[in-house]
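Trainee: Starting off with a structure, shown below.
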Amino acid sequence: MEGFAQWLAGTSASAVVQKTLWLIPLMQTIHIVCVALVFTSVVMIEFRILGYTKWGSVAETAHRFVPWIFTCVAVMAVTGSVLIIGEPTRSLPSFEFQMKMLFLAVALAFTIVFARSVRRNAQAWEDNSSARTAHSALAVVALGAWCAVVIWGRWIAYTVQH
Amino acid sequence: MQWIIDYLNSLGDSPVSLWIAESTWAFPALEVVHIFAISMVFGTIAIIDLRLLGLASTRRPYSEMARELLPWTWGAFFAAAICGSVLIMSRPAGYFENADFRLKFVCMALACLNMLVFQFITSKNLAGWDRGAPPVAARVAGAVSILLWIGVVYFARMTGFTMVQGGA
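Protein chains in written order, with the working numbering: chain A, 124 to 285; chain B, 190 to 357.
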């Protein structure tokens with residue numbers, strides 16, 4: 124990974140990102156706005172499952188917010204890639220970055236499984252469901268996984284050694 | 190203005206400031222909490238703004254949505270303000286003199302003004318559109334709000350670059 128990062132840093136694409144002064148702040152701003160939208164969307168779904176918010180069914184809440192999670196994650200894959208191309212040795216070999224990606228995979232897996240489950244059997248996710256305790260526990264774990272993505276992501280900036 | 194700088198410099202010598210500035214984990218840890226809080230602030234405001242723009246949650250009554258979401262917005266804003274205040278304590282005078290940091294607060298002040306205009310003038314006839322399409326004035330309020338909050342995020346991120354402290 125270190126070798127690949129070194130190679131990427133030497134490409135002309137990396138030079139373009141570094142020399143275009145407005146590009147990195149713009150990408151980061153879009154990235155942060157998407158972080159906010161994903162995090163709030165996740166919280167809205169988890170809060171509805173946990174009963175902190177009451178309006179609409181779990182299925183309706185999922186229908187409202189799950190597309191935002193996938194769309195914003197796709198946008199962040201693009202903005203994140205541009206940032207990596209600009210400074211590959213900052214992120215790719217970093218333990219924090221790798222943990223962020225690991226937890227992202229876990230958090231996305233939770234979201235995909237939840238989205239499929241609620242689409243196939245909306246009734247099972249309603250408040251009177253016998254599986255409510257298990258669903259609440261899953262909601263907390265999934266939210267924890269998304270929080271871990273944010274925490275590891277922020278920590279990348281504080282362990283740069285190059 | 191010099192007395193403000195002097196005061197902020199003396200503030201920067203306080204025990205809290207020294208702790209933030211010297212600790213390796215305090216600044217990033219507070220930043221993480223700040224990010225969670227601003228994410229909720231921005232996200233819940235975006236949900237409401239998109240409803241005002243008539244772009245999302247259109248079947249949901251505005252008043253009911255505001256009643257359910259705004260307490261979370263204010264709670265998160267309060268948390269962000271506390272974390273932000275402690276972060277500022279690491280270099281009070283430096284932040285005060287930073288142009289991007291000032292512009293961030295200009296955006297927040299304008300967003301506050303926009304909110305007050307909406308609350309006390311625009312939403313007077315809310316009963317007429319609570320369940321339907323919002324009028325032009327409400328759409329303008331939603332658009333202005335979301336743009337100003339994107340501005341807050343942009344200038345906050347730029348502050349990280351121009352302050353050049355710890356991580357970027």
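Using N, Cα and C, we set each Cβ at its ideal position, and we do this for glycine too.
Please read these numbers as outputs of a predicted model, since none were measured by experiment.
Judging by CA-CA distance, which residue of Ala268(A), Ala238(A) and Glu210(A) is the nearest neighbour of Ala136(A)?
Mentor: The shortest C-alpha separation from Ala136(A) is found at Glu210(A).
Trainee: If we ignore side chains and look at the alpha-carbon of each, how far apart do Ala138(A) and Leu131(A) end up?
Mentor: Distance between the alpha carbons of Ala138(A) and Leu131(A): 10 Å.
Trainee: Tell me whether the beta-carbon of Pro281(B) lies closer than 8 Å to the beta-carbon of Leu207(B).
Mentor: No, Cβ-Cβ distance for Pro281(B) and Leu207(B) is not below 8 Å.
Trainee: Any C-beta of chain A sitting closer than 8 Å to the C-beta of Ile194(B)?
Mentor: With 8 Å as the cut-off, Ile194(B) does not count as an interface residue toward chain A.
Trainee: Along the chain, which unbroken stretches of the alpha helix (DSSP H) at least 4 residues long are found entirely within the stretch 205 to 263 of chain A?
Mentor: If we require 4 residues or more, the alpha helix (DSSP H) runs fully inside the stretch 205 to 263 of chain A come out as 211 to 214 and 218 to 243.
Trainee: So, do the stretch 204 to 218 of chain A and the stretch 229 to 244 of chain A have three or more beta carbon pairs nearer to each other than 8 Å?
Mentor: The stretch 204 to 218 of chain A vs the stretch 229 to 244 of chain A: no contact.
Trainee: Can you grab the Cα-Cα spacing for the pair Met222(A) / Trp278(A), in whole Å?
Mentor: Distance between the alpha carbons of Met222(A) and Trp278(A) is about 10 Å.
Trainee: How many angstroms separate the CA atom of Val205(B) from the CA atom of His186(A)?
Mentor: For Val205(B) and His186(A), the distance between alpha carbons rounds to 45 Å.
Trainee: Mind listing, in chain order, the continuous alpha helix (DSSP H) runs of no fewer than 4 residues lying wholly within the stretch 131 to 168 of chain A?
Mentor: 135 to 142, all fully within the stretch 131 to 168 of chain A.
Trainee: Answer yes if the stretch 294 to 312 of chain B comes into contact with the stretch 326 to 341 of chain B, meaning at least three C-beta pairs across the two stretches below 8 Å, and no otherwise.
Mentor: At 8 Å Cβ cutoff, the stretches touch.
Trainee: With a CB to CB cut of under 6 Å and the five nearest residues on each side skipped, what residues in its chain are close to Thr202(A)?
Mentor: Met150, Ile153 and His154, listed in sequence order.
Trainee: From Ile168(A), Trp191(A) and Ala182(A), pick the residue whose C-alpha is nearest to that of Leu239(B); which is it?
Mentor: Measuring from the Cα of Leu239(B), the nearest candidate turns out to be Trp191(A).
Trainee: For Trp269(A), return the contacting residues in chain B, with the cut-off set at a CB-CB distance below 9 Å.
Mentor: Within 9 Å Cβ-Cβ: nothing; Trp269(A) doesn't reach chain B, min ~10 Å.
Trainee: Tell me where the alpha helix (DSSP H) around Thr247(B) begins and ends.
Mentor: Note, Thr247(B): premise wrong, no alpha helix (DSSP H); not H, not E.
Trainee: Run the CB neighbour count on Tyr175(A), radius 10 Å, all protein chains shown included, and call it buried at 16 or more, exposed below.
Mentor: By the 10 Å Cβ count, Tyr175(A) comes out exposed.
Trainee: Between Thr134(A) and chain B, is the shortest Cβ-Cβ distance under 8 Å, so that the two count as touching?
Mentor: With 8 Å as the cut-off, Thr134(A) does not count as an interface residue toward chain B.
Trainee: Taking DSSP as the reference, what is the three-state secondary structure of Asp319(B)?
Mentor: Coil, per DSSP.
Trainee: Please list, in chain order, the chain B residues whose beta carbon lies closer than 8 Å to that of Pro148(A).
Mentor: Simply Tyr343, Arg346, Met347 and Phe350.
Trainee: With distance defined between alpha-carbon atoms, name the residue in Phe285(B), Ser334(B), Gly232(B) and Gly317(B) nearest to Ala298(B).
Mentor: Checked all of Phe285(B), Ser334(B), Gly232(B) and Gly317(B); the closest Cα to Ala298(B) is Ser334(B).
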